[in-house]
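The structure under discussion appears below in the form of structure tokens.
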Amino acid sequence: MRWLVLVFCLFHSWIVFGNLNQKKSIKAAYITEKITIDGELNEDAWQNAEPGNHFWQNSPYDTAEARSQTEVKVCFDDQTIYFSAVCYNSSQKEYIVQSLKRDFSFPRNDAFQVIFDPYGDNTNGFSFGVNALGAQREGVITNGGNWGVTTNWDNKWYSEVKNYIDKWVVEIAIPFKSIRFTQGSTVWHVNFARNDLKINEMSTWNPVPRNFNVATLTYCGNLMFEKPLNKTGTNVSLIPYALGKFSGDYTDSIPQEKWSGNVGGDAKIAVTSSLNLDLTINPDFSQVDVDQQVANISRFSIYYPEKRQFFLENADLFGRLGFSKIRPFFSRKIGIAYNPNTGIYEQIPIMAGARLSGKVNNDLRIGFLNITTPQNRNLNLPVTNYTVAVAQQQVGSNSNITFSLVNKQDLGNDSTAEIYVNPNHFQRIAGVDFNFASKDNKWKGIAFIHQQFSPQPKGNEGANATFLYYNT
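237 is the number that the numbering used here gives to position 217 of the sequence shown; each next residue is one higher, with no gaps.
The following block contains the structure:
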């Protein structure tokens, strides 16, 4: 009898191990029929599409199929990729939704999300999610998805939800213009995640071990397109603004009235389907969410997240250099300066900027940023130029090596409006970063070396660190 129990346990372990290491595939059917995003899957395209099912638990256990099953389907046309999901309600209890705010917390809601890696590099991807009452969230995935999804990135896409007693149904439409991918590609890495708080279950289509985030790109399956993806045409987005201001002082006998105004704008241009150019002139950033207020009683500055759209796409190329608190470049420093007289930081307007970022090919990403801020005599600041150049080369399946140069150059001085390259006022950092990840993503590590160059070297102007960990 004991031998039978032992054989059963070994057989069960073999099945579980096999499920956790498999790579599922799902076909995306090419369609010419128009799909209406209404949460009702009554089009012929959905009836004929290949289903993806047999979701596997991620938590609380990863050793069995999900109790609340989900069925997904994928279609696409020349302009849009469509996803549908039927999320079955095994308990038939009321859905748990804590927020209708955009970019809601996925673990705190009954929700469904699509995770895909268009380049297949297991490093960068996108996530689009909807909760059971229709709230949306989207974000970018960096560093393989080990730390989840960064939801500061926003884009245009569409979804609709229909609720029933035994299930809820979601339809999603994502324009190809809203994401970056390789023209002519036929395979993406994809996964689907479902959270059912009623029974405290997280599940995924392609199994993900419970010690990994469901957005971990290494554990994605394959999305097979029926035909190669083509370029979607010219993709240019213009965001101009005009601002007027009036102020009046009527305390004196002669009223003092003053009018002022400002104009500017942003432009986003898709150079290729995987390379993007951002331009800005006299930006306002008034549409950006305010920062969450934090009480800081330490002697160190707080790293507030970057929320300005100009800086967000491929932000990891520029902002993830170095180590947690040893970053050679932090974009929130641009457009702000410390006033020693008041003890607070003051806004410095940006004159103009350009930012090129994205994939050159499947293995090489590049980033180039150039921004200029004007003179500010109150703070004794000259015209200043910021330049960052980055090249990231894929190494193996999950690792990459990054070469970077960060330069801050004064163009003049604080006493004149003349613009010229001041040879005695600059700060430069050159560096090499290596991000390591094993094929199964259990071994992760970082190693970097950075060297600072300044007009008056003071010694010890380099930084280096190495970090390696194993995720069981």
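The beta-carbon is built from N, C-alpha and C at its ideal position, and this holds for glycine as well.
For clarity, every value in this text was computed on a predicted model and none was experimentally measured.
- The C-alpha of residue 187 lies about 26 Å from the C-alpha of residue 100.
- Per the C-alpha coordinates, the member of 455, 179, 87 positioned closest to residue 225 is 87.
- The C-beta distance from residue 148 to residue 177 rounds to 6 Å, short enough to fall under 8 Å.
- The beta carbon of residue 486 lies closer than 6 Å to those of 467 in the same chain, with the five residues before and after it left out.
- With contacts defined by Cβ atoms closer than 7 Å, residue 169 and residue 181 do not form a contacting pair.
- Apart from sequence neighbours up to five positions away, the residues of its chain that approach residue 82 with a beta-carbon distance below 6 Å are 229, 230, ordered along the chain.
- Boundaries of the beta strand (DSSP E) around residue 427: 419-430.
- Within the same chain, and ignoring the five residues on either side of residue 429 in sequence, the residues whose Cβ sits closer than 6 Å to its Cβ are 405, 446.
- Rounded to whole angstroms, the separation of the alpha carbons of residue 339 and residue 194 is 27 Å.
- Within the stretch 333-381, the beta strand (DSSP E) runs of at least 3 residues that lie entirely inside it are, in chain order, 356-359, 364-367, 372-379.
- With a 10 Å radius around the Cβ and a threshold of 16 neighbouring Cβ atoms, residue 92 comes out buried.
- Unbroken beta strand (DSSP E) runs of no fewer than 3 residues, entirely contained in the stretch 450-484, are found at 463-473, following chain order.
- A distance below 8 Å between beta-carbons, with the five flanking residues on each side excluded, links residue 252 to the following residues of its chain, in chain order: 98, 99, 195, 196, 197, 293.
- Your pair residue 377 and residue 333 checks out as a contact, with CB atoms roughly 6 Å apart and the cut at 8 Å.
- Contact between the stretch 110-120 and the stretch 57-72 is absent, with fewer than three C-beta pairs closer than 8 Å.
- Ranked by Cα distance from residue 385, the first of 141, 208, 128 is 141.
- Of the other Cβ atoms in all chains shown, fewer than 16 fall within 10 Å of the Cβ of residue 258; this residue is therefore exposed.
- Its Cα nearest to that of residue 389, the residue 297 stands out among 297, 416, 361, 104.
- Taking each of 61, 135, 452, 77 in turn and checking the Cα distance to residue 106, the smallest one comes out for 61.
- A straight-line Cα-Cα distance of about 12 Å links residue 316 and residue 324.
- Beyond the five residues adjoining it in sequence on each side, residue 448 comes within less than 6 Å, by CB distance, of 427, 473 in the same chain, given in chain order.
- Under DSSP, residue 128 forms no beta bridge with any residue.
- In summary, residue 373 is buried, with 16 or more beta-carbon neighbours lying within 10 Å of its beta-carbon over all protein chains present.
- Per the DSSP secondary-structure output, residue 286 pairs in a beta bridge with 259, 300.
- Cβ atoms of residue 491 and residue 457 stay farther apart than 8 Å, at about 10 Å.
- In this structure, residue 157 places its C-beta atom within 7 Å of the C-beta atom of residue 123.
- A straight-line Cα-Cα distance of about 38 Å links residue 102 and residue 391.
- Excluding the 5 residues flanking it on each side, residue 57 has same chain C-beta neighbours closer than 6 Å at 178, 180, 191, 193, in chain order.
- Per DSSP, residue 396 is not a residue of any beta strand (DSSP E), being assigned neither H nor E.
- Every unbroken stretch of the beta strand (DSSP E) spanning 3 or more residues and falling wholly within the stretch 193-227 is given here in chain order: 207-216, 221-224.
- Inter-residue distance for residue 138 and residue 235 is about 14 Å (C-alpha atoms, whole angstroms).
- Of the candidates 220, 163, 250, the residue whose Cα lies closest to the Cα of residue 206 is 250.
- A Cβ-Cβ distance of about 6 Å is found for the pair residue 243 and residue 94, placing them in contact under the 8 Å criterion.
- DSSP, read as helix, strand or coil, puts residue 65 in helix.
- Residue 73: not part of any beta strand (DSSP E); DSSP gives it neither H nor E.
- Listed as beta-bridge partners of residue 96 by DSSP are 50, 101.
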